[in-house]
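Here's the structure, in structure tokens; my notes come after.
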Amino acid sequence: MQITTFNPMILSSHSEDIIKLFEEMGFERRHTVDNIDNKGITSVRMKDANGFCLDVAQIHADKDITTMRMNVRDFDEAYAFLKDHGFKNATGEDHAVESEHAKSCLMISASGFSIQLTQHIRKEDQ
Numbered sequence: 072m073q074i075t076t077f078n079p080m081i082l083s084s085h086s087e088d089i090i091k092l093f094e095e096m097g098f099e100r101r102h103t104v105d106n107i108d109n110k111g112i113t114s115v116r117m118k119d120a121n122g123f124c125l126d127v128a129q130i131h132a133d134k135d136i137t138t139m140r141m142n143v144r145d146f147d148e149a150y151a152f153l154k155d156h157g158f159k160n161a162t163g164e165d166h167a168v169e170s171e172h173a174k175s176c177l178m179i180s181a182s183g184f185s186i187q188l189t190q191h192i193r194k195e196d197q
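When you line the sequence shown up against my numbering, it's residues 72 to 197, in that order.
As structure tokens, then:
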């Protein structure tokens with residue numbers, strides 16, 4: 072399994088407050104994706120001068136979730152690997168959010184540890 076990115080991700084209904092906090096710590100907005108899966112979810116990628124990355128996503132939830140974002144070259148391979156190690160899809164089924172640019176889902180272990188699994192669709196993959 073080839074991992075291409077691994078960094079913290081915060082899922083929150085108060086994402087702008089979190090983004091402002093990290094901007095005050097020196098992080099800058101690098102990339103924004105709006106209306107993910109047509110559910111009003113917005114994700115912002117941030118990076119600081121030292122190269123540390125953080126993703127913050129606006130979601131509809133009562134409590135914030137801190138997870139790890141793991142980008143991979145082969146989504147299906149990584150998904151099967153995590154399932155073989157006891158992780159379950161947060162939706163309770165084998166559903167992934169798919170767009171022309173990415174495929175992703177939130178995987179959760181029995182203990183509650185979660186990984187936001189993502190494969191970015193590169194031009195050479197199409």
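By construction, the Cβ of each residue, glycine as well, lies at the ideal position given by its N, Cα and C atoms.
A quick note: this is a predicted structure, and the numbers were derived from the prediction, not measured.
Query                                                                                                                                            : Result
Are Met72 and Asp145 closer than 8 Å when you measure CB to CB?                                                                                  : yes
Excluding five sequence neighbours on each side, which residues of the same chain lie with their C-beta closer than 7 Å to the C-beta of Phe184? : none
What residue range does the beta strand (DSSP E) around Phe77 cover?                                                                             : 74 to 83
First and last residue of the alpha helix (DSSP H) that includes Ala181?                                                                         : Taken as a continuous stretch (DSSP letters only), Ala181 belongs to no alpha helix (DSSP H), as it is neither H nor E.
Hey, is the segment 143 to 159 in contact with the segment 90 to 101, meaning 3+ C-beta pairs nearer than 8 Å?                                   : no
Report the partner residues of Met141 according to the DSSP bridge assignment.                                                                   : Phe77, Leu188
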